[in-house]
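Peer 1: Have a look at this one before I ask anything.
Number of protein chains: 2
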Amino acid sequence: MNLLFKALNDDTRRQILELLKEKDRTAGEIADAFNISKPSISHHLDILKRADLVSSKKKGQFVEYSINTSILEDVLQWIITLKK
Amino acid sequence: MNLLFKALNDDTRRQILELLKEKDRTAGEIADAFNISKPSISHHLDILKRADLVSSKKKGQFVEYSINTSILEDVLQWIITLKK
DNA sequence: ATAATATTTAGATATTTGTCTAAATACCTA
DNA sequence: TAGGTATTTAGACAAATATCTAAATATTAT
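Chains as they are written, first to last, in my numbering: chain V, 1 to 84; chain U, 85 to 168.
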């Protein structure tokens, strides 16, 4: 739960998730959407990956990232329980 | 949204919310539940308050804190939209 | 094999964060 | 009003975080 909230606690990372919601994208395509260096984006992607919010797949020389929404269920449940 | 995720991104603060879910408590009662100094808890409460996740009310020499779950709806919506 | 492109790793740095102790403020009671 | 209790504010400090540039790695194309 800690890794999840940590990963969500950054505007850039939340925007990355919103990008990946539309469609899968390569690391470079994601980086192009921000005014942030590629290494920094790579680091954000790593944090999202550790939280299991995204997965990655090597596609030739590219690395394609996909969102994994199922883990968000955990956050939803935590919040819903708190509301009850 | 930023303040909200920031406030939720700390185990102590999440535990405080869980305590307040049961019932309203004074700052001192909350502090007693943790091995953390009162000033630190006061700081956490301030962060929760700025995020509108709790409200406080002076009760004589005590300050009683209550959870505000309605703001959690925003987080829920953000997550649900991401899942769609 | 070489060069070009895509991505990650390493190392540095400034900022933010969580924590502490000491001091200030607010309220209550004798 | 003086003294005690509850809470917050101020200031310091270590650890975590987001960012950068430079270098390393992996893949593709000539």
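Glycine residues also receive a C-beta, built at the ideal position from the N, C-alpha and C atoms.
Should His127(U) go down as buried or exposed, given a rule of 16 or more other Cβ atoms within 10 Å for buried?
Peer 2: Looking at its Cβ environment, which holds fewer than 16 other Cβ atoms inside 10 Å, His127(U) is exposed.
Peer 1: Give a yes or no on contact between the segment 87-98 of chain U and the segment 131-149 of chain U, applying the rule of three or more CB pairs nearer than 8 angstroms.
Peer 2: With the cut-off at 8 angstroms, the segment 87-98 of chain U and the segment 131-149 of chain U touch.
Peer 1: Check whether the Cβ atoms of Ser150(U) and Leu104(U) sit closer than 8 angstroms, and answer yes or no.
Peer 2: The answer is yes: Cβ separation under 8 angstroms.
Peer 1: For Thr26(V), decide whether its Cβ has a neighbour in chain U, counting only Cβ atoms nearer than 8 angstroms.
Peer 2: Not an interface residue.
Peer 1: Only counting the same chain, and skipping five residues up and downstream in sequence, which positions put a Cβ closer than 7 angstroms to that of Arg219(U)?
Peer 2: No information on residue 219(U) is available, as it lies outside the stretch 85 to 168 that chain U covers here.
Peer 1: Along the beta strand (DSSP E) that carries Ser37(V), what are the first and last residues, could you check?
Peer 2: No beta strand (DSSP E) contains Ser37(V), which DSSP labels as neither H nor E.
Peer 1: Going along the chain, which residues of its own chain have a beta-carbon closer than 7 angstroms to the beta-carbon of Asp108(U), five neighbours each way excluded?
Peer 2: These residues qualify, in order along the chain: Glu148, Tyr149 and Ser150.
Peer 1: Hey, does Ile120(U) have any beta-carbon neighbour from chain V nearer than 8 angstroms?
Peer 2: By this cut-off, Ile120(U) is not an interface position.
Peer 1: Quick check: the Cα distance between Leu101(U) and Gln61(V), rounded to an integer number of angstroms?
Peer 2: Computed Cα separation, rounded: 46 angstroms.
Peer 1: What is the DSSP secondary structure of Lys6(V), reduced to helix, strand or coil?
Peer 2: Lys6(V): helix per DSSP, three-state reduction.
Peer 1: Please confirm whether Asn9(V) has its beta-carbon closer than 8 angstroms to some beta-carbon of chain U.
Peer 2: For Asn9(V), the answer is yes, since a Cβ of chain U falls inside 8 angstroms of its Cβ.
Peer 1: Give me, in chain order, the residues of the same chain whose beta-carbon lies closer than 8 angstroms to that of Lys38(V); leave out the 5 immediate sequence neighbours on both sides.
Peer 2: The answer, listed in chain order, is Ala27, Gly28 and Ala31.
Peer 1: Spell out whether any CB of chain V is found under 8 angstroms from the CB atom of Asn86(U).
Peer 2: Closer than 8 angstroms to some Cβ of chain V, the Cβ of Asn86(U) qualifies, so yes.
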